[in-house]
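Position in the sequence shown counted from 1, then plus 78, gives you the working numbering. For glycine and all other residues, C-beta sits at the position ideal for the given N, C-alpha and C. As structure tokens, the structure follows; a few thoughts come after it.
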Amino acid sequence: MKKVISIARVELAGMFYSPIAWIALILFIIQVGMDFSDKLIDLEAMQFIGRSTSNLTNVIFSEDSLQKGLLRLIQERMFLFIPLLTMGSMSREIHSGSIKLLLSSPIRLSGIIMGKFLAMMVIGLLFIIILLLYMLAGIFTIENMDWPSVMVALLGIYLLICAYAAIGIFISSLTRYQIMAAISTFILLGVLSYMGRIWQKYDFFREVTHNISISGRLNAFIDGLIITREVIYFLGIIAFFLSLTMLRLWFDRKSASISMRVAGYSLLCAALIIVGFISSRPVFTGYWDFTSTQRNTMSEDGQKMIKRLNGPLEITTYANLFDSQFDDVSPASRYK
């Protein structure tokens with residue numbers, strides 16, 4: 079563990095000796111400040127015209143019926159920052175040749191990769207601390223602020239940052255050029271986000287793409303709801319890409335054959351698919367609603383009524399095919 083921490087400290091020092099980490103954090107602070115100011119200006123305008131300003135926690139941090147809240151805006155923009163921080167994680171070692179020294183050292187491959195990832199986890203905490211400052215401002219200014227739901231949203235954003243970091247570290251191990259690593263990470267994150275939008279009219283493809291896509295995974299967190307399926311998804315993505323990085327470096331060190339590489343990568347992909355499939359089954363899914371009003375939870379009377387049912391409950395929904403908003407309730411929009 080000491081070696082992992084030492085690698086993480088060296089990685090953090092390298093990040094902050096260069097301007098990249100500072101620029102990313104400064105831009106993030108500016109972006110969050112602008113978004114928060116925009117929300118306050120909108121609230122002032124609502125008060126000026128006499129509109130109700132109830133449920134301020136949801137309006138500012140989550141979303142209301144008209145626009146997205148602060149944390150939802152932030153989660154949509156996190157992909158702009160993380161690739162810039164991970165682009166040099168492994169590519170810098172490959173370009174300088176120090177990767178050979180690392181691979182020949184007594185440190186395990188897992189220790190090297192986990193040290194790099196631990197450094198990114200610390201960077202992720204800095205992003206979360208910045209967001210915590212705005213939550214603290216809300217606690218002192220919003221009466222009866224629903225802070226537990228905001229903490230759940232921050233947990234989701236932190237998991238997203240860690241997932242992006244794991245992906246970035248893997249991409250960085252594929253090339254010696256940092257700019258190429260950053261661009262490739264942007265592309266892969268875009269593909270993982272866009273996957274949830276293709277072939278959504280077909281049940282099979284909708285299930286497959288939803289289990290792979292990273293888009294929409296934070297919706298429940300930002301609404302103050304923890305779902306085990308989503309937590310396992312992020313942990314699975316992190317473990318998958320870190321394992322891919324370790325496998326690739328191990329194969330390179332051993333000069334493994336193509337068949338061995340294909341078998342190793344295939345087994346890893348199969349493990350991810352199996353874990354994702356099992357965790358997505360309703361019987362294995364747990365829910366924890368942290369909102370003060372329990373708005374994501376069925377009422378106690380409703381729960382008692384469901385418990386009295388002797389058989390399974392089947393709910394059938396109907397939609398008007400000719401309605402202008404039919405797309406909102408069509409099968410293609412099930413996971414939106």
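Distance, residue j Cα to residue i Cα
| i | j | result |
| --- | --- | --- |
| I83 | I177 | 18 Å |
| L204 | Q153 | 15 Å |
| L187 | L181 | 7 Å |
| A86 | Q372 | 40 Å |
| Y242 | S335 | 30 Å |
| A348 | G354 | 10 Å |
| W366 | G234 | 13 Å |
| L270 | I292 | 6 Å |
| L252 | A197 | 19 Å |
| D120 | F106 | 21 Å |
| F126 | L325 | 60 Å |
| E122 | T131 | 9 Å |
| K279 | L296 | 23 Å |
| L266 | G92 | 25 Å |
| S140 | G147 | 4 Å |
| D281 | E392 | 18 Å |
| F27 | S167 | Outside the displayed span of the chain (79 to 414) sits residue 27, for which this structure offers no information. |
| M79 | M199 | 15 Å |
| L313 | D379 | 35 Å |
| L45 | M165 | With the chain covering only 79 through 414, there is no way to say anything about residue 45. |
| S96 | Q256 | 13 Å |
| S321 | L327 | 10 Å |
| S333 | R339 | 10 Å |
For residue i, three-class secondary structure by DSSP
| i | result |
| --- | --- |
| E141 | strand |
| I305 | strand |
| Y365 | strand |
| P226 | helix |
| G389 | coil |
| M79 | coil |
| I261 | helix |
| S96 | coil |
| A317 | helix |
| I276 | coil |
| N398 | coil |
| T135 | helix |
| T253 | coil |
| Q125 | helix |
| I292 | coil |
| Q403 | coil |
Cβ-based burial, residue i [other Cβ within 10 Å; buried from 16]
| i | result |
| --- | --- |
| P184 | exposed |
| F114 | buried |
| P360 | exposed |
| E221 | exposed |
| E89 | buried |
| D224 | buried |
| D401 | exposed |
| N136 | buried |
| R150 | buried |
| I352 | exposed |
| F157 | buried |
| A341 | exposed |
| K385 | exposed |
| M213 | buried |
| I138 | buried |
Check whether residue i and residue j have beta carbons under 9 Å apart
| i | j | result |
| --- | --- | --- |
| R307 | T363 | yes |
| P226 | S370 | yes |
| S358 | S250 | no |
| L134 | G189 | no |
| I247 | F319 | yes |
| N374 | L303 | yes |
| I101 | L162 | yes |
| I191 | T323 | yes |
| I239 | I201 | yes |
| I172 | R275 | no |
| R368 | M229 | The identity of residue 368 in the sequence shown is Phe, whereas the question assumes Arg. Their beta carbons are under 9 Å apart, which means F368 touches M229 by this criterion. |
| F195 | I315 | no |
| L209 | V110 | yes |
| Y236 | I206 | yes |
Closer than 9 Å to chain C by CB, residue i
| i | result |
| --- | --- |
| L232 | Among the protein chains of the structure shown there is no chain C, as only one such chain exists. |
Residue i beta carbon near the ligand GDP (any heavy atom closer than 8 Å)
| i | result |
| --- | --- |
| M79 | Annotation note on the ligand GDP: not contained in the displayed structure, which lists no ligands. |
Contained alpha helix (DSSP H) runs [length at least 4] in the region 145-221, N- to C-terminal order: With a minimum length of 4 residues, the continuous alpha helix (DSSP H) runs that stay inside the region 145-221 are 148-155, 160-164, 169-174, 176-182, 187-219.
4-residue-minimum alpha helix (DSSP H) runs that sit fully inside the region 324-381, ordered along the chain: 336-357
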